[in-house]
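Take 66 as the starting number for the sequence shown in the working numbering and just add one per residue.
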Amino acid sequence: MPIRRLPEGTVNRIAAGEVVERPASVVKELVENALDAGAKSISVGIASGGKTEITVIDDGHGMDATDLALAVERHATSKLPDDNLFAIPTLGFRGEALPSIGSVSRLTVTSRADGAEDAFEITVDAGSTGTVTPAANPRGTRVTVADLFRATPARLKFLKSDRAEAMAVSQTIRELAMAHPRTAFKLQIDGHTRLDLRVPAGSDGARDNRLRAVMGDA
Numbered sequence: 066m067p068i069r070r071l072p073e074g075t076v077n078r079i080a081a082g083e084v085v086e087r088p089a090s091v092v093k094e095l096v097e098n099a100l101d102a103g104a105k106s107i108s109v110g111i112a113s114g115g116k117t118e119i120t121v122i123d124d125g126h127g128m129d130a131t132d133l134a135l136a137v138e139r140h141a142t143s144k145l146p147d148d149n150l151f152a153i154p155t156l157g158f159r160g161e162a163l164p165s166i167g168s169v170s171r172l173t174v175t176s177r178a179d180g181a182e183d184a185f186e187i188t189v190d191a192g193s194t195g196t197v198t199p200a201a202n203p204r205g206t207r208v209t210v211a212d213l214f215r216a217t218p219a220r221l222k223f224l225k226s227d228r229a230e231a232m233a234v235s236q237t238i239r240e241l242a243m244a245h246p247r248t249a250f251k252l253q254i255d256g257h258t259r260l261d262l263r264v265p266a267g268s269d270g271a272r273d274n275r276l277r278a279v280m281g282d283a
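Okay, here's the thing in C-alpha cells:
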C-alpha cells in the first residue's frame, strides 16, 4: 500500500489523543485555561462522569469575538508572546487544548471580555468549526463539552465507570485547588455539589486554610 497523507480531520483526532485522554484531562485543560485568564472563581459541572457533559465557568478576563475565533484554532495562543520556551509563566502555551477537545466532542465556548458590553459564542462539532455569534454571558468564559469522544467512539470503551471518572475529575479539582488557594473552586457532579472551596477574606494563611479544606473533604 502506498504512503498517503491522512485527512486533516483524522490527523486532528489522532493528535487529540495526546491532550484528551479522559474527562479529567479535559477538566484539567479547561481549568488551567481559566487560571491563566486570571479567574478568581471557577465552577465545574459534569454529568455521567464527564462523558455526556462537562461545563467550566470562570470570571477571568474573557475574550472578544476575534480572540474567540482564534482560540479554537490549533496552535493559536495568547500565552507565548515570543519564541522563548525557557521562561513560560503560564500553565498552558501550546494552543492545543480547545481544538483538540473540539475535534472529539461538541465544544461550545461563550465569552465576554473584561470591560465589554457584548458576549460571543462559537461551537466546534467533531472538528467542524462554526461562526462566532452574539450571546449572553457575564464577564468571563463558559465552556461546555458535550458527548465526549462522539467522533471517536472506540475511545469510550477505554473509559472507566461514571463513578470512577467522576472521582478522577474530583481529584483533579482538588489538586488544582491546593495549588491555587486564592481561587474559589466549585464542583457539581450530576447536579449535586461535591466541592465548594471558597476564599476567605484576607490573604493570611490562605494556603493552610485551603489544604485543611481539601484534605478535610477527602
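Note that the Cβ used here is the ideal one computed from N, Cα and C, for glycine as well. It should be emphasised that the depicted structure is a prediction, and the values quoted were computed from it without experimental measurement.
When DSSP labels each residue in this structure, what does residue i get in the three-state scheme?
i    : result
F214 : coil
G114 : helix
V137 : coil
T196 : coil
T248 : coil
E186 : strand
P121 : Note that residue 121 is Val in the sequence shown here, rather than Pro. Reduced to three states, the DSSP call for V121 is strand.
L241 : helix
D129 : coil
G281 : helix
S226 : coil
F158 : Note that F158 has pLDDT 46, beneath the 50 cutoff, so the model's placement of it is unreliable and the number below is only indicative. If DSSP states are grouped into helix, strand and coil, F158 belongs with coil.
R220 : helix
L145 : Low local confidence applies: a pLDDT of 43 at L145 is under 50, so the model's placement there is unreliable, with the coordinate-based value given in what follows. L145: coil per DSSP, three-state reduction.
R290 : This structure leaves residue 290 out entirely; the chain is present only between 66 and 283.
V109 : strand
Residues in its own chain within less than 6 Å of residue i by CB, not counting five upstream and five downstream?
i    : result
R239 : V279
I153 : Low local confidence applies: a pLDDT of 43 at I153 is under 50, so the model's placement there is unreliable, and no value is given.
T209 : T120, T173
S113 : D227
V189 : V137, G167, L172
V197 : A130, L133, A134, F185, I187
In terms of residues, what are the limits of the alpha helix (DSSP H) holding residue i?
i    : result
P88  : 88–101
L284 : Here the chain has residues from 66 to 283 only, and residue 284 is not among them.
Are the CB atoms of residue j and residue i within a distance shorter than 8 Å?
i    : j    : result
S170 : A211 : yes
H245 : D179 : no
V96  : I111 : no
A89  : E186 : no
L224 : R87  : yes
A162 : N98  : yes
A219 : A191 : no
R275 : A242 : yes
P164 : R139 : yes
T248 : A102 : no
L213 : K93  : no
L262 : V109 : no
R272 : S235 : no
If I follow the unbroken beta strand (DSSP E) through residue i, where does it start and stop?
i    : result
V174 : 171–177
R259 : 257–262
So, for residue i: in the same chain, excluding its five sequence neighbours on each side, which residues have a beta-carbon less than 7 Å away from its beta-carbon?
i    : result
T237 : A89, V92, K93
V85  : V91, S165, I166, V169
K105 : D124, T248, A249
Between residue i and the rest of its own chain, which residues show a CB-CB distance below 8 Å, the 5 nearest in sequence each way excluded?
i    : result
G195 : I187, T188, V189
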